[in-house]
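These notes concern the structure reproduced below.
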């Protein structure tokens, strides 16, 4: 009779054989054809998800390189999330930890994949549990929880099958959910990105606090900086990326709080 | 500014490439807190089965289904309950949350999990079980089911591997089911899964399932399609298999379509219409075990919703014991 240890070893070996089609593992009562069915089903499942999450990376790399990359990920990475739909984030993390140059892969690949899955991040982000600032707390600024903000070394948003960058170019991108719950994209200046990063790091300091910090870091006058950034800030409020109750078009139009379905 | 290509979320793999099968998972999602519904009693003699025909909620069905809810179902049956996959909805916002809320507010909810890995070789993820409990409670879930299989090694593989039919596995699985039931504060139902290989079995599939159900004191989600798939792939009598199941433990049932590769191999795809042998087996289960709430699972290659509602009508006729082949009549509430 099988022992607990034998059971565990057999189950782990079975999974390993599915992950790595080159493993020549044999199991009693299991034909190579039966094992092949599992390998194909599991591979198709993985590939369907990552193909759809990263269509640009797949197109640019071409089917062979893309499949090789997915195969390595599948073999090497034990995914920790029980939620299949979140697995592309693990893929993005994994590729960010790879040495792309040694692997003969484009240096911008990890950033491209990070940007591709950012769209999923904006789609999935839960609504904020915190109420938007109200009453006298006019300094507090609410940031849409769906905001995905990235400062990249490469212009990943322009990459496609017909064009790839040959040299780095600092590129700040964001995506977020609109009031209609669709996903919108923005290109930002490095200054605007720095301001939003400060705001995200210390939301309780509010926009004024973040602007002061940024001005200090740059050695400029806070009032002047505020004036120069006013159109950008207004645009963020307009889009619902920022909100508070004292601004026109505040959180009642923001994607951050979805009131449409709440009783 | 727009992206070159928006993310097209997968429901379907491209057709025609070998065993390729639609995804078991889809991007759907999360939750609006609400009061748990009154829990129904497990069907038993002389009680009314509260729900008979159910449909699995899928992202690809949501838009069309919402339209039907608003416009009415005409002469087709409205599903009597929905089944959702917690992993496809937990913790998500935006359209996922909105769509889930729309349906959980309108339907009794059954939940069918994917990632618990009840038969897994590594430690149970009890933090995940706690998150599951929150989801089940928030959605007022009536029955929660999982697969009698495993889907993890040291990480998730997101599909179902066969638990060896051995005494060691019965012991291990039962211990884990008891821990999960204790944490969820409810009995769970385990599904008989389709399997394509069985390393070193010490007993039959039916013996394995019965041993687990009995010793863990849990329920069975009887997947009629899987009975048919396994009976063809492994050469056993599907009717005898159903007769061997402990009827009192059958919480509910699944039916689905499959992909016939050859006369001796079927892949469980959930991507086609329900086949005649599966309808016949459903009728046999109904005659043997009595009517049970039954869910139509469709995970890919989606036809118009009206086609699925036609299958629900067929299902209703079988569960109702009325003549088959007269689509259009919604089944009446069934009594056993």
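Residue numbers (the working numbering), protein chains in the order written: chain A, 113 to 375; chain B, 409 to 744.
Backbone N, C-alpha and C define an ideal beta-carbon position, used for all residues, glycine too.
Separation of residue 170 of chain A and residue 260 of chain A (C-alpha to C-alpha, rounded to the nearest whole angstrom) is 22 Å. The contact set of residue 608 of chain B on chain A, defined by CB atoms closer than 8 Å, consists of 114, 122, 139, 140, 141 in chain order. Rounded to whole angstroms, residue 590 of chain B and residue 625 of chain B show a C-alpha spacing of 12 Å. For residue 226 of chain A, the nearest beta carbon of chain B is not closer than 8 Å to its own beta carbon. The C-beta distance from residue 638 of chain B to residue 603 of chain B rounds to 7 Å, short enough to meet the 8 Å contact threshold. Taking a 10 Å sphere around the C-beta of residue 503 of chain B, we find 16 or more other C-beta atoms and assign the residue as buried. Between residue 189 of chain A and residue 563 of chain B, the gap from beta carbon to beta carbon is short of 8 Å. Note on geometry: alpha-carbon atoms of residue 605 of chain B and residue 151 of chain A lie some 12 Å from one another.
Contact of residue 264 of chain A with chain B is not assigned, every C-beta pair being separated by 8 Å or more. Among the CB atoms of chain B, one or more fall inside 8 Å of the CB of residue 127 of chain A.
With a threshold of 8 Å between beta carbons, residue 573 of chain B makes no contact with chain A. Counting along the chain, residue 574 of chain B sits inside no beta strand (DSSP E), nor does DSSP assign it H or E at all. Residues of the stretch 467-499 of chain B that bring their beta carbon within less than 7 Å of a beta carbon in chain A comprise 495, 496, 498, 499, in sequence order. Contact of residue 353 of chain A with chain B is not assigned, every C-beta pair being separated by 8 Å or more. The Cβ atoms of residue 236 of chain A and residue 501 of chain B lie closer than 8 Å to each other. Counting C-beta atoms within 10 angstroms of its own C-beta, residue 488 of chain B has 16 or more neighbours from the protein chains shown and is therefore classed as buried. The criterion of a C-beta distance shorter than 8 Å is satisfied by residue 227 of chain A and residue 269 of chain A.
For residue 464 of chain B, the enclosing beta strand (DSSP E) starts and ends at 461-464. Taking 8 Å as the CB threshold, residue 223 of chain A stays off the interface with chain B.
Between the alpha carbons of residue 641 of chain B and residue 657 of chain B lies a distance of about 26 Å. Counting along the chain, residue 618 of chain B sits inside the alpha helix (DSSP H) bounded by residues 613-624.
Taking 8 Å as the upper bound for CB-CB distance, residue 703 of chain B and residue 491 of chain B are in contact here, some 5 Å apart. Residue 114 of chain A sits away from residue 554 of chain B, with the two beta carbons spaced by 8 Å or more. Taking 8 Å as the cut-off, the Cβ atoms of residue 680 of chain B and residue 665 of chain B count as close.
When DSSP reads this structure, residue 606 of chain B sits in no beta bridge, so it has no partner. Within its own chain, the residues whose Cβ lies closer than 8 Å to the Cβ of residue 514 of chain B, once the five positions on either side in sequence are excluded, are 477, listed in chain order. Between the C-alpha atoms of residue 469 of chain B and residue 319 of chain A there is a straight-line separation of about 42 Å. Within chain B, the residues 564 have their CB atoms less than 8 Å from the CB of residue 193 of chain A, given in chain order. Neighbours of residue 146 of chain A in chain B, taken as residues at a C-beta separation under 7 Å, are given in chain order as 604, 605.
The C-beta separation of residue 551 of chain B from residue 660 of chain B comes to about 6 Å, placing the pair in contact by the 8 Å criterion. Beta-bridge analysis with DSSP links residue 289 of chain A to A:295. Beta-bridge partners assigned by DSSP to residue 303 of chain A: none are found. The DSSP-derived three-state label of residue 491 of chain B is strand. Counting only the Cα atoms, residue 559 of chain B lies some 6 Å from residue 569 of chain B.
Counting along the chain, residue 347 of chain A sits inside the alpha helix (DSSP H) bounded by residues 334-351.
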